[in-house]
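In our numbering, the protein residues as written are 66 to 233.
The structure is reproduced here in structure tokens:
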């Protein structure tokens, strides 16, 4: 059982990838508007706070938000000998309980991307229709508005733009 924290573009793909791998997946996001997409991707249940996972004791928690409290709460919520993987860079620093980390023997890892084999595997899932990324193309002239939407959590999936091109 795993949990995915941050149900934006990458997080939703993380939910789907976990389901494809055979895991029971739970989602966490402060915005409940993301829950329908997470459930459609295969999440069993969704929560607005990482601490809600404490009774479930996931084997691993993947933190796509990385806002400090999400990582700290993930360390507290994951099972003994579990793993917390931080992907998101929501804050520059975080504070967590050394006691929880050590007493539970939690593995804390960072991840900035994947290797070529993992990319090939994900692209294969996309080609097979097992993963359908949510992508919205916006005109380059609307880039500042798009960034504003990202800042305010008003984007589902990923935004892309192509300078000099009309949106598809």
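Where a beta carbon is used, it is the ideal one built from N, C-alpha and C, also for glycine.
Residue i burial status per 10 Å Cβ neighbour count (16 or more: buried)
i           : result
residue 72  : buried
residue 96  : exposed
residue 218 : exposed
residue 175 : exposed
residue 120 : exposed
Span separating the alpha-carbon of residue i from that of residue j
i           : j           : result
residue 230 : residue 207 : 12 angstroms
residue 89  : residue 101 : 17 angstroms
residue 267 : residue 157 : There is no way to answer for residue 267, as the model of the chain reaches only from 66 to 233.
residue 152 : residue 180 : 15 angstroms
residue 154 : residue 67  : 20 angstroms
residue 111 : residue 123 : 13 angstroms
8 angstroms Cβ cutoff met for residue i and residue j
i           : j           : result
residue 84  : residue 69  : no
residue 143 : residue 130 : no
residue 170 : residue 140 : no
residue 77  : residue 117 : no
residue 198 : residue 178 : no
residue 99  : residue 133 : no
residue 226 : residue 203 : yes
residue 224 : residue 193 : no
residue 138 : residue 167 : no
Candidates the options, of which the one nearest residue i by Cα
i           : options           : result
residue 127 : 100, 149, 87, 142 : 149
residue 113 : 178, 91, 177      : 91
residue 146 : 172, 162, 135     : 172
Chain C within 8 angstroms of residue i, Cβ atoms only
i           : result
residue 142 : Looking at the structure shown, chain C is missing, and only one protein chain is on hand.
* To do: Inspect the CB distances between the region 209-220 and the region 177-191 and report whether three or more fall short of 8 angstroms.
  => no
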